[in-house]
Amino acid sequence: MFFLRRFTSSSISMISLAVFICITIVQVVLNVTSNNAAYHASIKASELYEKSNLIDEVTISLYKSRAYSEAAFSYINVDNKKRASERLALSKQILTSGQKSWVALKNKFDLGGDLIKSHDDSFNILNEYIEILSNNNIDAANKISVSSVLERFERNVKSTSDFDKAYLINLHDENSSRKNSQNKTSFFMVVITLFVTIFLFVTLNKVLNIPIKKIITYLTNIANGEINQKIEVYGCKEVELLGEKVKVMQESLQAIVCSIKHSSFEIDNNASNISQKNIELSSRTEEQTSALQETAVMMAQIKDTVGHNSENAHNAADLVQQADTLVNKGSKAMSEVSSNMVLVTENARKMEDITKLIQGISNQTNILALNAAVEAARAGEQGKGFAVVAMEVRNLASHSREAAKEIQNLINGSVTNITHGAKLVSGTEAMMASIAISVRQVKDIMSDISIASDEQSTCINQVAVAINQLDSVTLGNASMVEEFSSNTHTLSQQIEGLNLLVSKFHIEVSGHPQ
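Numbering (the working numbering), first residue to last: 9 to 522.
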C-alpha cells in the first residue's frame, strides 16, 4: 500500500471511479453485443419461420391443385363435365394462389436452384395437366406423370427445410453458448468488482480512515493538555499534510504556552514593581495637589492685579482718544486758516494788478490831457475853455496816480504781512501735524498696552482654568492611582489563575517535563 501514499484522496477516488467505469463499460459492451446477437438470431429465426410457412403454402397449393385436377379427371371418366369443370377451376385458382406465394418466397429469400427448378416443373406440369383436362383429353392426361414431379419438389423442399432446421439449431446453440459466455463474463466482472471494492476499502481504510482516527486521537490529547506527544501520520497526501499541520500546531502551542508562562512570570514581577511605584506616585500626587492649590491662590491675586492694570490702560486709551480728537479738530482749523490766507494773498495780488491798471489809465489820461492842451493852445481863444478842461483832467490823473501809488504801498504791506502770517500758519499746521502724529503714536501704544493687558488677563484666566483642570486631573490621577493599584492586585490574581490554566499543558523545557 506504500505506493498509494503518493496519491491524494481525490486521486484515489478518481482511480476507483475510473476502474468502476471501465468495468461498467465492459459489462455494458458485452451485454449490448450479446443482445445484438440474440436480436439478429431472433430476426433470422423469424425469417426462416416465414420462409417455412411460405414453402408450406406453395407445397399445399400444388398438392391441392393436383387433388382437384385428379377429381376432375374422375368426373370426366364418368362423363360429369360440369363437376369436372368446377374442380378444374378450383385447381387453377389454387395453383394461381400458390404461384403468388412462390413469387413472394423467391423475391424475399435466396432459394436453391434445384428447389426453383422442381417447383417450376411442378407448376408447369400441373398447369399443362389442367389444360389437357379442360379439353377432355383423357389419353394425353394419362401420359403426364404429375406425381414424380411433385415428389422431386417435395424432396427439395425437405432438403431445404432440413438445412434451415440445422441452421436454426446451430443458431440456437451459438446463442446458448453466447449466453453462457456472457454469464461467465458477468460473473468474472462481479468477482473483479468485488475484489476491487474490497481492495479499495482496505486501501482507503489504511491510507485515510486509520490515519484520520489517529489524528483525532492526537487532537483529543492536545485538547486534554498533552502537547508533548510524538506525532507521526502515514497515509495519502492530504492526510500526511494534515498530520504535519497538527504537528506544527502542537509545536506552536508549545511555544505559546512557554511564552505565556514566561510572560506571566515577568508580568507578576512587573505588577509588584508597579504596586510599589503606585504608592510613591500616590504620595507625590498629593504633594502636587497641594502645590497646585497654592499656585491657584497666587494666580487669583495676579489676576486681580492684571485686571486693575487693564482697567487703567483702558482709561488712558480713552483720554488719548479725546486728545487725538482735539488735535484733529485744531489741524482742520489751521488747514482752513491756511486756505483763507492763500485766498487773501491771491486777492491782494489781484488788487495790485487793478492798481497797476489804474496807474496805466492815469498815465494815458495825462498824455491825452497834454495833447488836448497843445491842441487848445493852437486853437487860440477858441480853445481856452478846452485847455482849462484838459488841465483839470491832468490834475485828476495826477491825483489818481498818487492815490494808486498809496494803494499799491498799502497792498504791498498787506501782502508782506499776509505772507508772514501764511508762514506762521504753515509752521503752526506742521506743529499740529507733529502733535497729531505723536498723539496717534501714544494712542497706538496705549491701545497695544490695553490689548496686551486684555491678552494677559485672558492668559491668566486660561492659566487659572488650566491650573484648576490640572488640579482636577491630579485628583483624578490620585483616584486612578488607587484604582490602578486595585487593578494591579486583580492582575496578580488573574496571573495566578492563568498560571493554573497553563499548568494543565504538559510540555518539556530542556528535556524536563513541566
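We treat Cβ as the ideally placed atom computed from N, Cα and C, and that holds for glycine.
| Check | Outcome |
| --- | --- |
| Less than 8 Å between C-beta atoms, sequence neighbours within five positions excluded: which residues of the same chain meet that for K311? | S465, I468, N469, A472 |
| Mind checking which residues open and close the alpha helix (DSSP H) that includes N115? | 89-116 |
| Put E252 into one of helix, strand or coil per three-state DSSP. | helix |
| Are G251 and I235 touching if we call contact CB-CB under 8 Å? | no |
| Can you name the start and end residues of the alpha helix (DSSP H) that I218 belongs to? | 218-231 |
| What whole-angstrom Cβ distance do A380 and A398 have, given they're in contact under 8 Å? | 4 Å |
| Would you mind sorting V165 into buried or exposed? The rule is 16 or more other CB atoms within 10 Å of its CB. | buried |
| Is it right to say Q372 is buried, meaning 16 or more other beta carbons lie within 10 angstroms of its own, or is it exposed? | exposed |
| Identify, in the order they occur along the chain, each residue of the same chain with its Cβ nearer than 6 Å to the Cβ of F10, setting aside the five sequence neighbours on each side. | Confidence at F10 is low in this model, with a pLDDT of 49, below 50, so the placement of that residue is unreliable and no value is reported for it. |
| So for E240, helix, strand or coil by DSSP? | coil |
| Would A75 and I84 qualify as a contact pair, given that the criterion is a beta-carbon distance under 8 Å? | no |
| I think R409 touches Q367, with their Cβ atoms under 8 Å apart; what is that distance to the nearest whole Å? | 6 Å |
| Please report the straight-line C-alpha distance between S194 and L208, rounded to a whole angstrom. | 20 Å |
| Would I576 and T201 be called neighbours here (beta carbons separated by less than 8 Å)? | Nothing can be reported for residue 576: it is not among the residues displayed for the chain, which extend from 9 to 522. |
| Just the Cα atoms here: how many angstroms apart are S169 and V37? | 35 Å |
| Using CA coordinates, which residue listed in S156, L141, D64, T228 is at the minimum distance from A97? | L141 |
| Give me, in chain order, the residues of the same chain whose beta-carbon lies closer than 7 Å to that of D122; leave out the 5 immediate sequence neighbours on both sides. | N164 |
| Taking Cβ positions, are A304 and N476 nearer each other than 8 Å? | yes |
| Would you check if there are 3 or more beta carbon pairs closer than 8 Å linking the region 108-115 to the region 146-155? | no |
| Quick one: Cα of I459 to Cα of S493, how far? | 49 Å |
| Specify whether the region 384-401 and the region 348-358 touch according to this definition: at least 3 beta carbon pairs, one from each stretch, less than 8 Å apart. | no |
| Do S69 and G120 have their C-beta atoms within less than 8 Å of each other? | no |
| Could you check whether V27 and V204 sit closer than 8 Å to each other, using their CB atoms as the reference points? | yes |
| Just to confirm before moving on: does the CB-CB distance between L103 and S82 stay below 8 Å? | no |
| Among the candidates D456, E504, S60, L249, whose CA atom is the shortest distance from the CA of L176? | S60 |
| Which residue from S126, E344, N191 puts its Cα closest to that of R160? | S126 |
| With C-beta atoms as the reference, is S109 less than 8 Å away from E65? | yes |
| Are the CB atoms of T363 and I415 within a distance shorter than 8 Å? | yes |
| Can you find the residues in the same chain that come closer than 6 Å, C-beta to C-beta, to D456, ignoring five residues on each side of it along the sequence? | none |
| Using a Cβ-Cβ cutoff of less than 7 Å, which residues in the same chain neighbour K222 once the five nearest sequence positions on both sides are dropped? | V241 |
| Only counting the same chain, and skipping five residues up and downstream in sequence, which positions put a Cβ closer than 6 Å to that of R526? | Here the chain comprises residues numbered 9 to 522, so residue 526 is not present and cannot be evaluated. |
| Rounded to whole angstroms, what is the Cα-Cα separation between E288 and A308? | 31 Å |
| Using a Cβ-Cβ cut-off of 8 Å, state whether R402 counts as contacting chain C. | The displayed structure is made up of one protein chain only, and chain C is not part of it. |
| With 16 other CB atoms within 10 Å as the buried threshold, where does N132 fall? | exposed |
| Determine, using beta carbons only, whether S422 and A341 come nearer to each other than 8 Å. | no |
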